[in-house]
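Residue numbers (our numbering), protein chains in the order written: chain Y, 749 to 812; chain F, 464 to 910.
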């Protein structure tokens, strides 16, 4: 599983970071999210990432 | 397509009537299932979006939607986000603007309201909560609205703006009362007088800070370049009114409703307290979803378009109901029940798209700290349903005027509210807490 946050869609709701802080980092200044895991998401975090995808109000997170 | 065809899904939607509050679940269920986008003849005629998918698609269609409130008649005469339009034409800050000006304002204020910026205020919030509770803890009686949930968001908002913290009582009553007092109330003159006193104080600090910089959001606004120019004073006062209105009554409303629900569900309250490490975040999102303090926003269609299967014409008005879309069973199983552990909670309570509530990080933090402190210091509180006063209508804010409760008295911890407010003022000034964060180091203020 790979994860990506679309910077055009993200509006800084911060739910992804609440759910999976190991994966999603918030910008200090505007609170917008980026995925800090570049390659494969570790297996033990996949469920949390899936929950972040479901919970994002802007549907800005994609997994591939 | 004729207008009649376009408007074939109709619903007589009167959200400012007390019946809307009383019949909220029935009306919501009917609208979401039968006409997720409906035409209503009320308030001069407007569209109402209640389905989760429809609200999601519409709110994010920035190219066809305008928030503009053209009070000077310089553009297309759009009426902003309030439906029906208020009698007094006053631009409600950047929530009644479109980009690029709207974006410039948010860029100026984000460094004061981001998660990293808000985190710096945590010790101040905890102190204000502790002291507010101290004032009542020995008596066994508290009004959660008047004695706690009105105070902490107000003091914090002023601190972040750069206004003296001790002035909170000039601000708290007019902001709160102007939301729940109808224009025909015998109290309206008193409310308007207190509003005048508040604006006088606000304008005084704004003028002072314009001349002599000091940390806070007022400073950022007084020096901001918006769309290549310095905005006029009236525009900036509108922005400050937006920050104050958004910062005060919404968090108060959320906190009061959540505490009322927890009083009615003591087993769930015990569970939340016990499992707070895993439940506090999801419970907060669930209270946000279920009680949606700001129930919706108006828009103007800025170009003919088709969105979510509905054709719209330029100039038509649209109400995006965050509150009703938050009850759509397509997204939320058992939507009319509170589930403290709910997952996939894509609620719309902070809005969507480029106008997402800029204070959402403040709201969550303050709510959580008040809630946890109540659970710790008055774990057996019981709200008095005969003394609880809900806003008569929920067209603007779904809030509460009073929420009295009793509990087993406990000991004071540390000093009272006035002393704490004075100490927090010193802390703010010494540590320059109201400075913006920067990308290099978020803790520059403490360095």
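Where a beta carbon is used, it is the ideal one built from N, C-alpha and C, also for glycine.
Bear in mind the structure is a predicted one, so any value in this text is a computation, not a measurement.
Query, Result
"In chain order, what residues of the same chain have a beta carbon less than 7 Å from the beta carbon of residue 815 of chain F, not counting five sequence neighbours either side?", "519, 522, 523"
"With 7 Å as the limit, tell me which residues of the region 825-850 of chain F have their beta carbon closer than that to any beta carbon of chain Y; keep them in chain order.", "none"
"Have a look at residue 791 of chain Y and residue 784 of chain Y and give me their C-alpha separation to the nearest angstrom.", "15 Å"
"Distance, Cα to Cα, residue 625 of chain F vs residue 771 of chain F?", "43 Å"
"Please say whether residue 715 of chain F and residue 616 of chain F have beta carbons closer to each other than 8 Å?", "yes"
"Applying the 10 Å Cβ sphere with the 16-neighbour rule, what's the burial state of residue 799 of chain F?", "exposed"
"Does the beta-carbon distance from residue 591 of chain F to residue 635 of chain F come in below 8 Å?", "no"
"Once the 5 residues before and after residue 884 of chain F are set aside, which same chain residues still bring their CB inside 7 Å of it?", "618, 628, 629"
"Quick check: the region 808-822 of chain F against the region 800-808 of chain Y, are there 3 or more CB pairs under 8 Å?", "yes"
"Using Cβ-Cβ distances below 7 Å, what residues of the region 641-665 of chain F are close to chain Y?", "none"
"Mind checking which residues open and close the beta strand (DSSP E) that includes residue 761 of chain F?", "759-764"
"Under 8 Å, Cβ to Cβ, is there at least one residue of chain Y near residue 683 of chain F?", "no"
"With DSSP run on the structure shown, which of helix, strand or coil describes residue 909 of chain F?", "Residue placement at residue 909 of chain F is flagged as unreliable, the pLDDT there being 41, under the threshold of 50; a coordinate-derived value is accordingly withheld."
"For residue 796 of chain Y, name the three-state secondary structure that DSSP assigns.", "helix"
"In whole angstroms, what is the alpha-carbon distance linking residue 867 of chain F and residue 666 of chain F?", "34 Å"
"Under 8 Å Cβ to Cβ from residue 761 of chain Y, same chain only, skipping five residues before and after it: list those, please.", "804, 805, 806"
"Distance cutoff 8 Å, beta carbons only. Does residue 815 of chain F sit that close to anything in chain Y?", "yes"
"Over the uninterrupted alpha helix (DSSP H) stretch that includes residue 768 of chain F, give me the two end residues.", "Counting along the chain, residue 768 of chain F falls outside any alpha helix (DSSP H), though it belongs to the beta strand (DSSP E) covering 768-770."
"Whole angstroms is fine: what's the gap from residue 551 of chain F's alpha carbon to residue 531 of chain F's?", "16 Å"
"Check each candidate in F:670, F:610, F:862 and name the one with the smallest Cα separation from residue 751 of chain F.", "F:862"
"If we ignore side chains and look at the alpha-carbon of each, how far apart do residue 533 of chain F and residue 542 of chain F end up?", "6 Å"
"For residue 508 of chain F and residue 891 of chain F, I'd like the C-alpha separation in whole angstroms.", "48 Å"
"From the DSSP secondary-structure annotation, give me the bridge partner or partners of residue 692 of chain F.", "F:689"
"Would residue 906 of chain F pass as an interface residue toward chain Y - the criterion being a Cβ-Cβ separation below 8 Å?", "Residue placement at residue 906 of chain F is poorly supported in this model, since its pLDDT is 47, which falls under 50; the coordinates are not used for a value here."
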